[in-house]
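Working notes, structure below.
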Amino acid sequence: MTGQRETGQAGRVIFTRGGLPESIHTVHVAVVDGGGQQVASCGDADLVTFPRSSSKPVQALPLALAAPELPGDELAIACASHAGTPEHLAVVARLLARSGSTVADLRCGTHPPFDPAAAADLIRRNEAPTPLHHNCSGKHAGMLLACVLNGWPREGYTEHAHPLQVRIRELHAELGSVTLNHVHAGTDGCSVPAFALPLHGMARIFARLAAPSGPLAPALERVFQAMTAHPFLIAGPGRLDTTLMPLVPGLAAKMGAEAFYGMALRETPHGPLGIAFKVQDGGERARPHIALAVLEALGVPVTEEMRALAPATLHNWAGREVGGVEVEVPLKWA
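Positions in the sequence shown are counted from 1; adding 12 to them yields the numbering used here.
Okay, structure coming up:
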């Protein structure tokens, strides 16, 4: 068909039951080296898609640039999709106070904490969640501080035309090596702009985290160090980013809604790499299986502790084995 993009074989995660495929999740992967060149892919590396919260390291860059002395834990929470534990909330509150802001200034909305224990504790105390419990509250607190430090108004900081969001869109284009008109804008679940760009562009952004260069290098390095030094703050108990990063030397990883994932890898046989993948149907249960398969394909040793994050067998509530998981990641090297 005229105009149709040529793509390689897509990856798949196949959940089986009784020896038969029950669910199949299609996956697209892009891998970029430290020099910004795409070195491998699987499926459609040109797929234009929303990284959602995988964009948070980019969204935190204006803060990192404006506040070079900011403590690492506060920069980490600005990159986080946190679980709403007391530890998370304490860091968000500290970051929020730096701009003279309060919880009432957060425009992220409200949902119960992702962490079941934190959510249950609110119920026991007969307290309703506040915007502080929203998984994006750290990002919003960081955005408010970035506005104050740059002399931008705090009012309307979530709007597409606000100087902060204009700059964040420009950073996606600059770091992803795409033109600005190839960065498409939508609205995220927390009300800030969500930017979509080709998958290889997001892989390039994570490659820049793995191998910072140019004028943004100090800020990129600070974001990388904050994420890797504070994996608990990036997500929370039992969540993939928090559990995977300490198990892989030199890895900064960030999940996004609808089964997007970005990884900045500093230690591979191929040198520093940036990886971005999208499970096309948004099936988030496929994400850890693809993450481990990609790491293994890139020569990163996968330990038994890592494999426990993506079990190959399925069990029912009675503990009986009822199925399995098959993973296919046919990376095509450039």
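Beta carbons: idealized from backbone N, C-alpha and C, even for Gly.
Beta-carbon proximity check, residue i vs residue j, cutoff 8 Å
i, j, result
"residue 70", "residue 187", "yes"
"residue 264", "residue 276", "yes"
"residue 150", "residue 89", "yes"
"residue 290", "residue 68", "no"
"residue 235", "residue 73", "yes"
"residue 51", "residue 346", "yes"
"residue 243", "residue 95", "no"
"residue 63", "residue 268", "yes"
"residue 298", "residue 320", "no"
"residue 260", "residue 305", "no"
"residue 262", "residue 278", "yes"
"residue 60", "residue 208", "yes"
"residue 300", "residue 322", "yes"
"residue 190", "residue 175", "no"
"residue 66", "residue 274", "yes"
"residue 20", "residue 219", "no"
"residue 314", "residue 280", "no"
"residue 232", "residue 245", "no"
Which of helix, strand or coil DSSP assigns to residue i
i, result
"residue 94", "coil"
"residue 208", "strand"
"residue 341", "coil"
"residue 14", "Because the pLDDT of residue 14 is 30, which lies under 50, any placement of that residue in the model is unreliable, and the number read from its coordinates should be weighed accordingly. Here residue 14 sits in coil by DSSP."
"residue 20", "coil"
"residue 326", "strand"
"residue 170", "coil"
"residue 60", "strand"
"residue 84", "helix"
"residue 178", "helix"
"residue 248", "coil"
"residue 139", "coil"
"residue 112", "coil"
"residue 311", "coil"
"residue 104", "helix"
"residue 331", "coil"
"residue 336", "strand"
"residue 346", "coil"
"residue 74", "helix"
"residue 66", "helix"
"residue 189", "coil"
"residue 162", "helix"
"residue 125", "coil"
"residue 157", "helix"
"residue 152", "helix"
"residue 79", "coil"
"residue 320", "coil"
"residue 144", "helix"
"residue 183", "helix"
"residue 134", "helix"
"residue 119", "coil"
Whole-angstrom C-beta distance between residue j and residue i, which should lie under 8 Å
i, j, result
"residue 4", "residue 97", "The shown model of the chain, from 13 to 346, leaves out residue 4, and the question about it has no answer."
"residue 84", "residue 223", "No, residue 84 and residue 223 are not in contact; Cβ-Cβ is about 20 Å, not under 8 Å."
"residue 120", "residue 152", "5 Å"
"residue 154", "residue 107", "6 Å"
"residue 205", "residue 179", "Not quite, the Cβ-Cβ distance comes to about 11 Å (not below 8 Å), so this is no contact."
"residue 134", "residue 104", "In fact, because the Cβ distance is near 16 Å, the residues do not count as touching under 8 Å."
"residue 93", "residue 148", "7 Å"
"residue 343", "residue 309", "5 Å"
"residue 166", "residue 113", "7 Å"
"residue 324", "residue 87", "That belief does not hold up - the Cβ atoms of residue 324 and residue 87 are roughly 36 Å apart, past 8 Å."
Any C-beta of chain D under 8 Å from that of residue i
i, result
"residue 306", "Chain labels in this structure do not include chain D; a single protein chain is all it has."
Practice prompt. Write down every uninterrupted run of the alpha helix (DSSP H) in the region 253-307 whose length is 4 residues or greater and which is fully enclosed by it, in chain order.
Written response: none
Segment contact, 8 Å Cβ cut-off, at least three pairs: the region 329-337 with the region 39-56
no
Those runs of the beta strand (DSSP E) which lie wholly inside the region 24-57 and span at least 3 residues: 32-45 and 50-54
Segment contact, 8 Å Cβ cut-off, at least three pairs: the region 23-36 with the region 171-182: no
message = Check whether the region 196-208 and the region 33-41 touch, using three or more Cβ-Cβ pairs below 8 Å as the test.
response = no
Check your understanding: Is there contact between the region 280-290 and the region 74-89, where contact requires at least three CB pairs shorter than 8 Å?
Key -> no
Query - In chain order, each alpha helix (DSSP H) run of at least 4 residues that lies wholly inside the region 192-236 - result: 211-222
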